[in-house]
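Asker:
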Amino acid sequence: PGRTVVAVDDSGTVLGTAKMNPNHMGGASHIASASFMVDPQYAGRGVGRALGEHVLAWARAEGYRAMQFNAVVETNTGAVALWESLGFQIMTTLPEGFLHPTKGYVGLHIMYQQL
Ligand SMILES: CC(C)(COP(=O)(O)OP(=O)(O)OC[C@H]1O[C@@H](n2cnc3c(N)ncnc32)[C@H](O)[C@@H]1OP(=O)(O)O)[C@@H](O)C(=O)NCCC(=O)NCCS
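With the first letter of the sequence shown counted as 1, position 64 gets the number 48 in this note's numbering; the numbers rise by one all the way through.
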């Protein structure tokens, strides 16, 4: 039921990738999830936004009723701002949910939006 896409430039260079899938099975399978990775070399050029818009359009087209991100590290402020600008809200923050390699234990956001 899931899908993976890559973002490429005109020459075919892979700039980033996104994976989209149901967040759970069974009674919660109407909620989608997704994850993203942009090549740091190509960050800040709108690739992440394009991938985010793509997974939301996919989820709507597939009939999902919401999208949930399970683990957005609170210190990943660029990602948090991007997801908020695409309509996601921070539903809760798991205290010390993530062990950051340099910052130690930091919060982990669950972000969500109904479609
Ligand atoms: C998060 C990630 C997907 C963003 O991809 P990107 O291609 O750099 O993002 P974009 O160029 O589309 O930036 C879009 C928005 O992100 C935000 N943003 C990006 N970098 C930022 C930074 N350093 N500080 C603040 N905001 C930032 C801005 O709101 C920007 O808004 P704009 O479109 O109005 O300029 C990318 O940095 C990445 O792969 N990071 C590592 C993996 C990761 O964190 N994945 C997501 C886990 S939830």
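Cβ coordinates follow ideal geometry from the N, Cα and C atoms, glycine included.
Looking at the secondary structure, which residues open and close the beta strand (DSSP E) in which Glu80 lies?
Answerer: Within the sequence shown, numbered from 1, the residue matching residue 80 stands at position 96. Residues Gln73 to His84.
Asker: Cβ of Trp67 within 8 angstroms of Cβ of Phe53?
Answerer: Numbered from 1 along the sequence shown, position 83 holds the residue referred to as residue 67. Numbered from 1 along the sequence shown, position 69 holds the residue referred to as residue 53. Yes, the pair counts as a contact, with Cβ atoms nearer than the cut-off.
Asker: Answer yes or no: do His84 and Val56 have a C-beta to C-beta separation smaller than 8 angstroms?
Answerer: In the sequence shown, the residue the question calls residue 84 occupies position 100. In the sequence shown, the residue the question calls residue 56 occupies position 72. Going by C-beta atoms, His84 is not nearer than 8 angstroms to Val56.
Asker: Straight-line CA distance for Leu99 to Leu40?
Answerer: As a working note, residue 99 is residue 115 in the sequence shown. As a working note, residue 40 is residue 56 in the sequence shown. Using only the alpha carbons, I get a separation of about 8 angstroms.
Asker: For Val31, count neighbouring Cβ atoms within 10 angstroms of its own Cβ and tell me buried if that reaches 16, exposed if not.
Answerer: Here the question's residue 31 lines up with position 47 in the sequence shown. Buried, because 16 or more other Cβ atoms sit within 10 Å of the Cβ of Val31.
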